Structures are given as structure tokens and as C-alpha cells.
Amino acid sequence: MGVKQLFPIILLIITLLQTGFSQDNSQLLPDNIAAEVKPDEQLDINRESLLKGTSEEIRIKAASVMLFYENSLARKILIDALKQGENASARAAVCKALSQTRVEQKSVSNKEDFIQPLIEILTNDNTTGAKLAAEATLIFKYEQIKEPLEGTATNVSLPVTARLNAIYALRLYPDMTAVLKLVELLGDPEIQVYAAAGNALSSLGIPVADSPDARKEVINELQRQGPEAFLRDRILRRETEIRRLETELNSWRERYRTALDKIYLTINDDAARSQFLVEHLRDQETIIRLWALEKVRQDRVGTRPNPKLPGEVGPILANLISDQNRDVRLKTAQLLSLMGGVIPAQNLLAQLDVEKNEMVQMELFGALGYAFPLNPNTKIPEEIRKQALDWVVKYLNENDSKKVQKGAEVLKRLLEQNGLVSAEVEKYLGLLAEKFNQQDKETSGPMRGELLSIMAGLCAPQNTQNVSARKLFRHLFEKSLNDKTDRVREAAVDGLIYIDKASALKMLRKDFVNDPSLIIRRKLIDLAGEVGAKEDLTWLAEKVGTTADDKNAWQAMMKIFNGSDVSVLSEWIDRFFSEKSSIGLSDEQQIAFLELTDRKIGESKPKVLKNIREMLAELYIETGQFERAADYLGRLNEAAQSAEEKEVILSKLVNVYLRWSKVDLAVNLVTNCLLQKDLDANNMVVRSIDNYLSAPEGSVDPNVALEALSRIKIDALTARSKWLQQMKSWAERFRINKAEDNEKLKDAGD
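Each residue of the sequence shown is one higher than the last, beginning at 6 in the numbering used here.
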């Protein structure tokens, strides 16, 4: 649906305003409230314009002029136009001209002349002309038109359409008598008539009574309410309806924007997308220009900005900063902060001088900071720089905190360019420091935080003026560390980190590792991960497992561990895994640390390495990482020195295979064990299998495991009676006799 198709809804709202407030109030006003308007054209010209005018506007204007014409022939022309159905356009123009007098509260002399022609239209017309005539009848007080209107509504000899037209007119009248007649019509035998009356009453919030007694009760209630209370209630309902229609209008606008969105999303070519937005940025409708501006904004902040867009929309945005609509100017100015350089700075400065709206002016000023290229080698005209800095000083001297902040932001952008001599740099940096010191510590916390944050940014490595900024602002950062406002302390920490990371960590670790600001704690933790050493591990460990800083603290510790020698890692093995340890590492954290330690230690410390790998194997089993568990158990088995030690490892490995659903690997392991010796019930491998069969933890069915084990070829083995006895015992315990099972399956099938 196009925007132009939304106009009928807008007109509907206007109609409600006309039929609501204007009529409701005009019923209380005298006929002669407005001065008579004198005509300017001759009567024959007006007649031709009414009957043959090329536009509705011309026809309505002609009818309006003749309504107040002193010549009686003018009145005859209008009445004839109403009576002649052949010229529907002229008839509609007269009806609308009559309705206009009500909206404009203009008194028409001898307006009773129009009662009969309008009633005739209601009686004979079944098109939109009848609705226009019904709306035109609202120029009369209800008592003036009551008799012919109610007579038409109740006359059973008339066509149903005529009666329905009259009901529509009754519905429009803000008069209790008209509503009472609608209630009476609920008893009409004609289905369409009582249905229309019911719909009219429902729209007015009046109960639709089905029985005579119920209708009588509704009538009595309305009469008890009285005309004045009824009228007030009617006006309130009109206001509610207008709000509803405004909501509906907004809904249709949103639907149109959604339709545009869908079309836009189907365009894949960058050039075509740019052209689509260019066309809509030039649209006459404000909501469409705003939609296009929003799409440009979304493109700029998206993951893949359209490279064709800036060059295409730049000239249009240069025009839109002076658009008549404030919202368009505002959104354009905000967009320019994302598209620095598409409009020359001198254009923004020129618009700043003439912009009257403070909000738009502030956004234009903000965009000015982005109008200068970030390349420090770009030459900026001195006059342009001077004008921009004059605006900066103006904003910094304001009392409005938002303007001060905007001034500081633009100054930061300007100072990122080369071209200012050292004295000028220190002058403007001094303005920032002075403005910061002027702020009240008790009431200006947020403002001081923003200013200090900008000052910290000027100390960043990429800023061309960081040497001067660091020299001037360092003492302010140190002084602000104990400020009660989190944002101020956070900015101070940023500034000190930009100046010297190692020095900042040394200073901050004393008192700020448990700062109430999560941001400061995270900054300090990240700093420790970047430049910290083994002395930072202790306070970081206190945050692991128990605080909101757990994840970040552990990452910092791992970075420090990664750069530490074996002695540090060995020390922390004891601190992490001793029985007295209060450090609550998660399984994942334990694994990460042990894997790192395993890689760093290598084969240099076999006892420590064995201990690490045993712990890793257990952790992998606990966390269900059976492949890695099998790998580490295999390494341990290769390094094992005694048969007893190997038996313990193999018992764990066979359990891993079964839980891992690798029955074939479990069978191979048992086969290799049987090649070396017989396995009795006390053997740890056998006990491990027995434990699994008794309480299986994996997806392997015990019967499947036993069947696989039973297929181990032992004919060639001469002395494996204990293993055979164990298999027999398991078969009896778990009832896996194949013959019995097959018989059961057969019986179940029968």
C-alpha cells in the first residue's frame, strides 16, 4: 500500500473530528456565530465551475461561494444540483460545501432550504452520495430534521437502502433523541434495518437489546442519564475512536514501511540498493524520507556497509540538513556522525549558523567532528578549523551537560588532526581540564565521567596529541581514582593504562582488585593478563570459582601461566590440587591448566608428569571425554614400570572402552591380557568389567558386551580356566543363554 493510499484513513479521522467535536459543539452555538462571506466571482462563473469544474477543489469552492451569495438564483443552482442525480460530482461538491460550513462554524442563511433535497438524496441514492448527504444534514439541529429523517428510517414502504441511509444519518447525530430512535428500530421486522440499527448502537457503545422489555430498559436508562451527560459520554467516545484511528493510521504506515523493507531486502546489487535509497530519500513524504534515512543508518552500522552508498547519498544529505521537517534534519545530522566526510565541514558550519532547533543544532555540531578526515596528513583550511574550534569553545562554555560533552567529543576529534601548534594544543587541552575541575563532585558525577573519558581517549597511543595530553592529565587521573562515581574512576583507570600499563598495574593492584565497579575489576584483570607476572596470580586466584570475575580472572591466570617457567607451574599444581586448597576450579579449568603444564614440563620431570596425566585421565573420564581419557591411559600404560601398575591402568581403560561404546577395543584389551595370563575374579580388569555389567554407565547393553567377550577365542589357550569360569558365572548371573533368549523371542512372536 502506498502512502497516498493512506490518505483515506487520514480523511476518516478528519471526518470523525468533523462529525464529533465540531458537531457536538455546534449544537450548542447560535446560527449566526460567523460573519457572512461575500462572493468574489459572478454567478454564472460559479455555476460553470460547480457543474463542470476540472477538480473537486474547484467544485467545492464554487459551491461554498454560492452558499453565501445574496442572489436567490445561487440558492436555486445549489438545490438543483442536489436534486439532479446525473451530475454526481456537483451533488457531492454541494454536500461537502455544506459540511464545511459546520467545520468552519459559518452560519448559512435559510439553510432549511436544503432539508428536503438532502432527504431526497437519502431516499433515492444508494451510493456514497447518500453518505455525503447524511453528513451534510449535520448542519441542522436535530429538531429541525427530526421528522423527515425519522420518517424515512421508519417508513416501511420505502426501499431498504433509503432506510439504511437514514439510519446512517441518525448514527452521526450527537443527539440522544436520535439514539432513542435507533433503539426503537431494533424492533423493526426488516432484518437489514434492525441489523443496521444494532451496528450503529454498538459503535456508540449502546447495548443492543433483543426484546421489547430490554429495549425499554435501555431507553429508560438513556432518559435518566439526560442529554448533557449523554453528550459528554459521546464526546469521550469520539476521542477514544480518534485515538484508535490514529493508532490504525500508524499501523498502516508501519505496514507500508514493512513492505518497503521487504522490497529493499530482495535487492542484492549494491548499486541498485543505493539507487533505491536515493529515490526514497528524495520522496515528498516525510515518513518515506525518514525510512530511507534509517536504512542508510542500518547499512552504516551493519557488518558489510554498502561501498556504493556514501558517494550516492552524500549530495542528498547535504540538502536534507536544511529540510523543512525537524525530524528529517535531526536524523540526517545523526547519520552524518556515522558517515564522516560525505558533507564538507563548511556546509555543516553554514547550517549551524541558521539552525534554530537546539537538538538538531547539537547533532549537527556532533557531525562536524566527523567531517574532518582522520588522516593526520590531510590539510584542513585554517579558517574552517578556526570556525569549528570557535563552536567547540561555545559548547564547552555552556551550562548544559550534554552540550559540554558534545563540545569535548568534537574537540577530541579535531585534536586528532595535525596542524595545531603546541601552544594551541595545550590551550584546548587546558579548557578540558578546566571544565572538568569546574564540575561539582557531588552532583556532576556522570558529566565528570564523560569528560574524563574523553581526556583518557586523548592519551591513547593512536592520538597525535597524546604526549601533551598525558603530561597534562596524568595527575587528574590519579586524583580521580578515589572518586565515588564509578564512571569517573573507570575513565581514570583507562587514562593511566594508556599512559603506562606496567605502572598502572603496579598502582592499581594495591587497592582496586575488589573495586565495586565490575568494569574496573575487569580492566585490571585484563591488564594483569597482558602485563602481569606471578605476583598477580594470588589475587587473581581468589576470584576464580566464586565471583562474577571467575572467567576473566582464569583467562588472565592462563596467560600468565603460559609465560611462566616450570617452577611456577609446579607450585600452582600443589596450590590447586592439595586437599587444603580453597580454589574452586571447574573441571574445564583443571583440564586447561593440566594440559598446559603437561606441554611445558615434557619429559623433564617424569614423576610430576605421571601425576598430571593421571589427573587428566580421571578428569576426562568424569567429563565424558573418553577418547582423550583412553589416549592418556595409553600413555600411562606405556610408561608403567610394574605389572600391578599396568593392571590398574588397564582396568580403567577397559571401563572407558565400554562407556565409550567401543566394545571391540574392550575385547582386544581382554584378549591381550589373556595372552599373558589367566584372569580370575580378583583381577582388576575382570572386576572393572563386572562393575560395568552390574551398573552400566554407557550406551552398551551388558548382554551385547558379554556376547562380544564370549567370542574371544580360547581354544588355543591351554590354561585359562579361571576366565572361562568367570564367563560362565556372568552368563548365569545375566541370563544370556542364547537358546533361552531365542526361545523367549519365538514365544513372543507367536
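For every residue, glycine included, the Cβ atom is placed at its ideal position computed from N, Cα and C. It should be emphasised that the depicted structure is a prediction, and the values quoted were computed from it without experimental measurement.
Reference residue i, options the options, closest by Cα
{"i": "Gln594", "options": "Ile578, Trp296, Ile530", "result": "Ile578"}
{"i": "Arg664", "options": "Asn688, Gln630, Arg692", "result": "Gln630"}
{"i": "Leu373", "options": "Asn404, Gly412, Asp405, Glu387", "result": "Gly412"}
{"i": "Val549", "options": "Ser591, Val536, Leu513, Thr59", "result": "Ser591"}
{"i": "Ile211", "options": "Ala183, Pro194, Val198", "result": "Ala183"}
{"i": "Ile719", "options": "Ile565, Trp735, Glu148, Thr676", "result": "Thr676"}
{"i": "Gln560", "options": "Ala533, Ser569, Pro386, Thr602", "result": "Ala533"}
{"i": "Lys484", "options": "Val397, Asp193, Leu457, Ala171", "result": "Leu457"}
{"i": "Val660", "options": "Pro701, Asn687, Leu624", "result": "Residue 660 is actually Asn in this sequence, not Val. The residue with the shortest Cα to Cα distance from Asn660 is Pro701."}
{"i": "Pro451", "options": "Lys489, Gln467, Arg237", "result": "Lys489"}
{"i": "Leu286", "options": "Asp685, Leu78, Val430, Pro320", "result": "Pro320"}
For residue j and residue i, the rounded distance between their alpha carbons
{"i": "Leu369", "j": "Lys440", "result": "22 Å"}
{"i": "Glu584", "j": "Glu414", "result": "55 Å"}
{"i": "Ala139", "j": "Gln329", "result": "39 Å"}
{"i": "Ala323", "j": "Ile389", "result": "17 Å"}
{"i": "Thr59", "j": "Thr159", "result": "39 Å"}
{"i": "Asp531", "j": "Ile502", "result": "11 Å"}
{"i": "Lys384", "j": "Leu434", "result": "21 Å"}
{"i": "Leu401", "j": "Val365", "result": "18 Å"}
{"i": "Lys361", "j": "Ser112", "result": "41 Å"}
{"i": "Thr291", "j": "Pro310", "result": "25 Å"}
{"i": "Ala355", "j": "Ile348", "result": "12 Å"}
{"i": "Leu658", "j": "Ala546", "result": "34 Å"}
{"i": "Ala465", "j": "Leu437", "result": "16 Å"}
{"i": "Pro5", "j": "Asp275", "result": "For residue 5 there is no data in the structure shown, the boundaries of the chain being 6 and 755."}
{"i": "Leu206", "j": "Lys186", "result": "10 Å"}
{"i": "Ser31", "j": "Glu244", "result": "Confidence at Ser31 is low in this model, with a pLDDT of 40, below 50, so its placement is unreliable and the value that follows should be read with caution. For Ser31 and Glu244, the distance between alpha carbons rounds to 17 Å."}
{"i": "Leu394", "j": "Ala102", "result": "59 Å"}
{"i": "Pro611", "j": "Asp706", "result": "39 Å"}
{"i": "Ala538", "j": "Gln470", "result": "31 Å"}
{"i": "Pro122", "j": "Ile240", "result": "29 Å"}
{"i": "Glu246", "j": "Val188", "result": "21 Å"}
{"i": "Leu729", "j": "Ser575", "result": "47 Å"}
{"i": "Ala79", "j": "Leu48", "result": "7 Å"}
{"i": "Leu714", "j": "Asn673", "result": "9 Å"}
{"i": "Arg334", "j": "Lys408", "result": "18 Å"}
{"i": "Ser196", "j": "Leu190", "result": "Per the sequence presented here, residue 196 reads as Ile, with Ser not at that position. Computed Cα separation, rounded: 10 Å."}
Under the three-state DSSP convention, the category residue i falls into
{"i": "Ser656", "result": "helix"}
{"i": "Val99", "result": "helix"}
{"i": "Glu195", "result": "coil"}
{"i": "Lys667", "result": "coil"}
{"i": "Leu523", "result": "helix"}
{"i": "Glu75", "result": "coil"}
{"i": "Phe566", "result": "helix"}
{"i": "Gln89", "result": "coil"}
{"i": "Thr142", "result": "helix"}
{"i": "Gln280", "result": "helix"}
{"i": "Pro378", "result": "coil"}
{"i": "Ile172", "result": "helix"}
{"i": "Pro44", "result": "For Pro44, the predicted model reports a pLDDT of 44, less than 50, meaning its position is unreliable and no value from the coordinates is stated."}
{"i": "Gly454", "result": "helix"}
{"i": "Phe517", "result": "coil"}
{"i": "Asn362", "result": "coil"}
{"i": "Thr676", "result": "helix"}
Cβ neighbours of residue i in the same chain (closer than 7 Å, five flanking residues each side left out)
{"i": "Ala174", "result": "Leu127, Ala139, Thr142, Leu154"}
{"i": "Glu41", "result": "Summary for Glu41: the model assigns pLDDT 39, below 50, so the residue's position carries little reliability; its value from the coordinates is reported in the next sentence. Cβ within range, chain order: Phe73."}
{"i": "Ile525", "result": "Arg494, Glu495, Val498, Phe517"}
{"i": "Gln28", "result": "The predicted model places Gln28 with a pLDDT of 45, which falls under 50 and marks its position as unreliable; any figure quoted below should be read in that light. So the qualifying residues of the chain are Arg107, Leu143, Pro179."}
Nearest-angstrom Cβ-Cβ length linking residue i and residue j, presumed shorter than 8 Å
{"i": "Ile459", "j": "Lys511", "result": "Rounded, the Cβ-Cβ distance is 26 Å, inconsistent with contact."}
{"i": "Asp332", "j": "Leu295", "result": "6 Å"}
{"i": "Leu227", "j": "Met181", "result": "6 Å"}
{"i": "Ala98", "j": "Arg52", "result": "Wrong, their Cβ atoms sit about 12 Å apart, outside the cutoff."}
Cβ neighbours of residue i in the same chain (closer than 8 Å, five flanking residues each side left out)
{"i": "Phe581", "result": "Ile588, Leu590, Gln595, Phe598"}
{"i": "Val709", "result": "Val668"}
{"i": "Ile654", "result": "Leu638, Leu641, Asn642, Ala645"}
{"i": "Leu357", "result": "Gln366, Leu369, Phe370, Leu373, Trp396"}
{"i": "Gly192", "result": "Tyr199, Pro217, Arg220"}
{"i": "Lys43", "result": "Low confidence applies to Lys43: its pLDDT is 43, below 50, so where it sits in the model is not reliable, and the reading given next is rough at best. So the qualifying residues of the chain are Phe73."}
{"i": "Leu325", "result": "Leu286, Arg294, Leu298, Val333, Arg334, Thr337"}
Proximal residues to residue i (C-beta, below 6 Å), its chain only, five neighbours per side dropped
{"i": "Arg475", "result": "Cys464, Ile504"}
{"i": "Ser656", "result": "Met689, Val690, Ser693"}
Cβ-heavy atom distance, residue i to the ligand MN, below 8 Å
{"i": "Val113", "result": "Absence of the ligand MN from the depicted structure is noted, as is the absence of any ligand whatsoever, leaving it without description."}
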